[in-house]
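There are 2 protein chains.
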Amino acid sequence: MAKAVLTSKSEDFPKWYQDVVAKAELADNGPVRGTMVIRPYGYAIWERMQAELDRRIKDAGAQNAYFPLFIPESYLKREAEHVEGFSPELAVVTHAGGKQLEEAVVVRPTSETIINSFFSKWVQSHRDLPLLINQWANVVRWELRPRVFLRTTEFLWQEGHTAHATQDDARAYSLRILHEVYEDFAVNVMALPVLVGRKTERERFAGADATYTLEGMMGDGKALQMGTSHELGQNFAKAFDITFQSTSGTSEHAWQTSWGVSTRLVGALIMGHGDDAGLRVPPALAPIQAVVVLVRDEEGAGERAAALAAELRGAGIRVQLDDRVETGFGRRAVEWELKGVPVRIEVGPRDLAAGTVTLVRRDVAAEKATVPLDGLGPRVVDVLADIQAALFQQALDRRESGTVDAATIEEARQAAQAGFARVPWDRIRDAEVDLAADALTVRCLQRADGGIPDSSADPDLTATVAKAY
Amino acid sequence: MAKAVLTSKSEDFPKWYQDVVAKAELADNGPVRGTMVIRPYGYAIWERMQAELDRRIKDAGAQNAYFPLFIPESYLKREAEHVEGFSPELAVVTHAGGKQLEEAVVVRPTSETIINSFFSKWVQSHRDLPLLINQWANVVRWELRPRVFLRTTEFLWQEGHTAHATQDDARAYSLRILHEVYEDFAVNVMALPVLVGRKTERERFAGADATYTLEGMMGDGKALQMGTSHELGQNFAKAFDITFQSTSGTSEHAWQTSWGVSTRLVGALIMGHGDDAGLRVPPALAPIQAVVVLVRDEEGAGERAAALAAELRGAGIRVQLDDRVETGFGRRAVEWELKGVPVRIEVGPRDLAAGTVTLVRRDVAAEKATVPLDGLGPRVVDVLADIQAALFQQALDRRESGTVDAATIEEARQAAQAGFARVPWDRIRDAEVDLAADALTVRCLQRADGGIPDSSADPDLTATVAKAY
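This is the structure:
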């Protein structure tokens, strides 16, 4: 029924994406090029992402803090690779308070420079380490080809910044965040399988020694980088003079990490699970897990629907009651499909008289079931668990069927036109730069056992080649 | 014991304030003038404020959303009073992505203009009203005399923006936020009594028809504006063309409100409750309500302390375990006093052997009690409730003893040098502007019964005159 509302995915995937963003009321474009307005439903999804990520970040021992939006231009220049990477994207404040500023300030594109300038004050002794800091903030990168949620001039994210006494400790923490925070969130909350691997030197973060990444496959077979965790080595510690007195009394530079995920994850949600009827939000993420839709307010059905919503809330389910009977039922059903609410419970006078309601699963197109009112709470809890598992399985199946083993760079080029090509890294290492001509990149390197390589120079690595957002 | 660490309040209040901010590790000054770094403990307090406020805001029916940081300069100019009020404080981005921008963009000082430009798209019919939106964001106002938390170039806040079908509905909502969200939070969470009243025309928000305010008295007798809620009338609706089709089919301009509180509340906490030993955080707000301090890890005391912390957590208390025995006990005790943790529980081998611990209340200087381990959870819960009430009472007593009834503007001038002067509005109305010469302002107008006037022209109003932050 909702199909007419959206462009179909297979017909025009980018147009379908824009349609979902607009019709599910997730976001609007802002007036300044590349900016976005995150609308209440889109923001509620982001708040759920924040809550799940924040809990995991705190469990990993990091504390939240907040650093300034404005960074002196000179700070950016202290780490050579870093400034080279970010210079083209900077927004610069030259005037403030009615005057020209003596030193222009940049709007943070990321906060390594300003945060590390404070780490150098706070870190004195090995006792101050590890220092584990996270911040939730907006950042600005001027984008030439903006696309809502995926690549916006301003976006929201969390950025973690840590300092450690040893390289091993920094590496272990960087990987801990990758697996325990990001991969766990992607798989168990977003129901999206991810390739977890190492970026090539060409693709790593500007200023890092190593970048680890999570790559998801979207509905059109392209890759989306869903999060990264960096080993910064001592690069910023040297640029910002972060030294500590070691247990043996020597002065040492700290070893560091940084890591982040952003509102681009909302894009991953749309493109990872959406279908021709709109968004499909996995229950573990959904701000509304079940919507109770009152068909008509007759014979006390309104009160019964409200009581039912309260009962489901009591069962620990995030529930919204839709009693807007002045709006047509069909239109409301389409709206909840567009918004991808996992379970819809339709409550009408006729059903109630029979002691039943209609339960509609969003993951399986048009599957409706008449179910007894009795025991509805536990039933919905079970259905939500089913949907969570089903969405993950569908995404995994798509990725597996969309992934091809390639033996040569030519085969990889071909296969990666509509999916992921897995190719021995040795075969393409020297030709990595040439992939760009076909809009392809190496998304990540993995060991034969799926593990993360210690170095891109390790033997027997597999490269995943794909088009990417 | 901590007294030597800080400048005393009575000796130099501003210096004491800076000392508390630094020594309790709440914040640092940023490198760009007027900016601040909110350190983990300061941010944990802000997160608690956010959680308490956010819940109340959602209970009042508003939904969170997010609007861009960057606003086209032309938007600011659409509402005449608004641009006049904010122009001197704007930070302007003139260059981005390596080029000069065609239209300069301002960094939001507040978001009425950009949010209302979207309201004009989203509001079509009376069915779309009320539209109740809140956003958590950073804003920038270039400050000439910055002071950490109180007046910073960048600060964090929430800003609510709503549109209603009638003036009455807008007014009622503006007052609902003032009382049910802000006043309730100030009194019941922050344990700070507030005067709730109406701003004079001179003091109201640039672009508002009426501004309602909460004013707290700080430790030095000065006022701090802790939050404001504005009736915007139809000013922005006319400037941004927010119209709706009414039930009778006519096209009408919406009636609007906006309202906000900010990280300045951390300043209110410091100056409202702090003493010569540091911060005192009310238990309902405190990110750490009780700290279990292990004196020495001997005879299994470490394990017992950890178990005790877990037991207290089980009783619903926010607990931190301090087992840093390599740091001197006295130094740690001073640190927790500086941070204002309401209850400190000292656990040593000798106490444990006797089945007791030492319980120290932060609100009463140096009150220590030896209490049995048995039933410690319920006891701490009771003590926390006592401390919450005691801190409120102390703040209320200070305000009452610091408030003087004045009959003339001369008396008011005198009395307001070190506290609040309450004076009939009729006596000073025409001389309001002259108060500035003594750095005094009318903080708010109230009716004889303490209620909020419908207009500053109402008879028998009382003005509160004070110095203010």
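First to last, the protein sequences are chains A and B. Our numbering applies: residue 328 is where the first sequence begins, and numbers increase by one. Our numbering applies: residue 328 is where the second sequence begins, and numbers increase by one. Even glycine gets a Cβ: it sits at the ideal position worked out from N, Cα and C. The model shown is predicted, which means the values in this text are computed figures rather than measured ones.
If contacts are defined as beta-carbon pairs under 8 angstroms, then R525 (chain B) and L772 (chain B) qualify, I think. What distance do you get, rounded to the angstrom? The beta-carbon distance between R525 (chain B) and L772 (chain B), rounded to whole angstroms, is 5 angstroms. This is short enough to meet the 8 angstroms contact definition.
Could you tell me the distance, in whole angstroms, from the CA atom of P436 (chain A) to the CA atom of V467 (chain A)? In this structure, the straight-line span from the alpha carbon of P436 (chain A) to that of V467 (chain A) is close to 5 angstroms.
Assign Y402 (chain A) to one of three DSSP states: helix, strand, or coil. Here Y402 (chain A) sits in helix by DSSP.
When DSSP labels each residue in this structure, what does I569 (chain B) get in the three-state scheme? Looking at I569 (chain B) - three-state DSSP - the assignment turns out to be coil, as it is neither helix nor strand.
If you reduce the DSSP assignment to three classes, tell me which class K336 (chain A) lands in. Of the three classes helix, strand and coil, the one that applies to K336 (chain A) here is coil, per DSSP.
So F445 (chain B) contacts chain A; which residues on that side make the cut at Cβ distance below 8 angstroms? Within chain A, the residues near F445 (chain B) are D355, V364.
So what does DSSP say about D732 (chain A), is it helix, strand or coil? If DSSP states are grouped into helix, strand and coil, D732 (chain A) belongs with the strands.
State yes or no: is the C-beta of A564 (chain B) nearer than 6 angstroms to some heavy atom of the ligand ATP? Annotation note on the ligand ATP: not contained in the displayed structure, which lists no ligands.
When Cβ atoms are compared, which residues of the stretch 415-427 of chain A fall closer than 8 angstroms to chain B? Within the stretch 415-427 of chain A, the residues whose Cβ lies closer than 8 angstroms to some Cβ of chain B are P415, E416, L417, A418, V419, V420, T421, H422, A423, G424, G425, listed in chain order.
How would you call V674 (chain B), buried or exposed, if buried means at least 16 neighbouring beta carbons within 10 angstroms? Counting every other CB atom within 10 Å of its CB across the protein chains shown gives V674 (chain B) a total of 16 or more, marking it as buried.
What's the gap between the Cα of F394 (chain B) and the Cα of V364 (chain A)? About 5 angstroms.
Cut-off 7 angstroms between Cβ atoms - residues of its own chain near D346 (chain A), not counting five sequence neighbours on either side: For D346 (chain A), where only same-chain residues beyond five positions count, the Cβ hits under 7 angstroms are L333, T334.
CB-CB under 7 angstroms to P610 (chain A), same chain, minus the five flanking residues each way: which ones, in chain order? Its chain contains Q616, P669, L711, I714, Q715 as the residues whose beta carbon lies nearer than 7 angstroms to that of P610 (chain A), once the 5 sequence neighbours on both sides are disregarded; these appear in chain order.
Rounded to the nearest angstrom, how far is the Cβ of R770 (chain B) from that of L522 (chain B), given a contact under 8 angstroms? A Cβ-Cβ distance of about 7 angstroms is found for the pair R770 (chain B) and L522 (chain B), placing them in contact under the 8 angstroms criterion.
Just checking my contact of Q462 (chain B) with Q494 (chain B) at CB under 8 angstroms: how many whole Å lie between their CB atoms? Actually they do not touch by this definition, with Cβ atoms about 24 angstroms apart.
Where DSSP assigns a beta bridge to Y393 (chain A), which residues make up the other side? Listed as beta-bridge partners of Y393 (chain A) by DSSP are B:I365.
Could you round the C-beta distance between T489 (chain A) and T584 (chain A) to whole angstroms and report it? I think they count as a contact, below 8 angstroms. With a contact defined as Cβ atoms closer than 8 angstroms, T489 (chain A) and T584 (chain A) qualify at about 5 angstroms.
Secondary structure at Q805 (chain B), three-state DSSP: helix, strand or coil? It is not possible to answer for residue 805 (chain B), since the shown part of chain B is limited to 328 through 796.
Only counting the same chain, and skipping five residues up and downstream in sequence, which positions put a Cβ closer than 7 angstroms to that of E379 (chain A)? Within its own chain, the residues whose Cβ lies closer than 7 angstroms to the Cβ of E379 (chain A), once the five positions on either side in sequence are excluded, are F512, V516, listed in chain order.
Does A550 (chain A) pass the burial test, meaning 16 or more other C-beta atoms within 10 Å, or should it be called exposed? The residue is buried, with at least 16 neighbouring Cβ atoms inside 10 Å.
Whole-angstrom Cβ separation of G487 (chain A) and I398 (chain A), contact assumed at under 8 angstroms? No, G487 (chain A) and I398 (chain A) are not in contact; Cβ-Cβ is about 18 angstroms, not under 8 angstroms.
Apply the 10 Å Cβ neighbour rule to E430 (chain B) and answer buried if 16 or more other Cβ atoms are within range, or exposed otherwise. Exposed, since its Cβ has fewer than 16 Cβ neighbours within 10 Å.
Would you check if there are 3 or more beta carbon pairs closer than 8 angstroms linking the stretch 618-630 of chain A to the stretch 640-658 of chain A? Counting Cβ pairs under 8 angstroms, three or more are found: they touch.
Any contact of the stretch 408-424 of chain A with the stretch 416-424 of chain B, i.e. 3+ C-beta pairs under 8 angstroms? Yes, the stretch 408-424 of chain A is in contact with the stretch 416-424 of chain B.
Assess contact between the stretch 587-601 of chain A and the stretch 533-547 of chain A, defined as three or more Cβ pairs (one per stretch) separated by less than 8 angstroms. Is contact present? Contact check between the stretch 587-601 of chain A and the stretch 533-547 of chain A: three or more CB pairs, one atom from each, fall below 8 angstroms, which counts as touching.
Helix, strand or coil: how does DSSP classify Y500 (chain B) here? Assignment of Y500 (chain B) by DSSP, reduced to helix, strand and coil, places it in the helix class.
Looking at the C-beta of N391 (chain A), does it have a partner C-beta in chain B at a distance below 7 angstroms? Yes, N391 (chain A) counts as interfacial toward chain B.
Identify, in the order they occur along the chain, each residue of the same chain with its Cβ nearer than 6 angstroms to the Cβ of F340 (chain B), setting aside the five sequence neighbours on each side. Excluding residues within five positions, the ones whose Cβ falls inside 6 angstroms are D547.
Is the separation between the beta-carbon of L679 (chain A) and that of A628 (chain A) shorter than 7 angstroms? It is a contact, given that the beta carbons lie within the stated cut-off.
Is the shortest distance between the beta-carbon of F397 (chain A) and the beta-carbons of chain B less than 7 angstroms? Taking Cβ atoms only, chain B reaches closer than 7 angstroms to F397 (chain A), which makes this a yes.
To the nearest angstrom, how far is the alpha carbon of G655 (chain A) from that of I569 (chain B)? Taking the straight line joining both Cα atoms gives about 26 angstroms.
Within 9 angstroms of chain B by C-beta, residues of the stretch 719-731 of chain A in sequence order: Correct list: empty, as no residue qualifies.
What is the DSSP secondary structure of F476 (chain B), counted as helix, strand or coil? Of the three classes helix, strand and coil, the one that applies to F476 (chain B) here is coil, per DSSP.
Of the listed residues A:R503, A:T540, A:L471, nearest to T791 (chain A) (C-alpha basis): For T791 (chain A), the nearest C-alpha among the options comes from A:T540.
Can you list the residues of chain A that V359 (chain B) reaches, using a CB-CB cut of under 7 angstroms? For V359 (chain B), the C-beta contacts it makes with chain A under 7 angstroms involve P395, F397, P399, V432, in order along the chain.
In whole angstroms, what is the alpha-carbon distance linking R740 (chain A) and V707 (chain A)? Using only the alpha carbons, I get a separation of about 45 angstroms.
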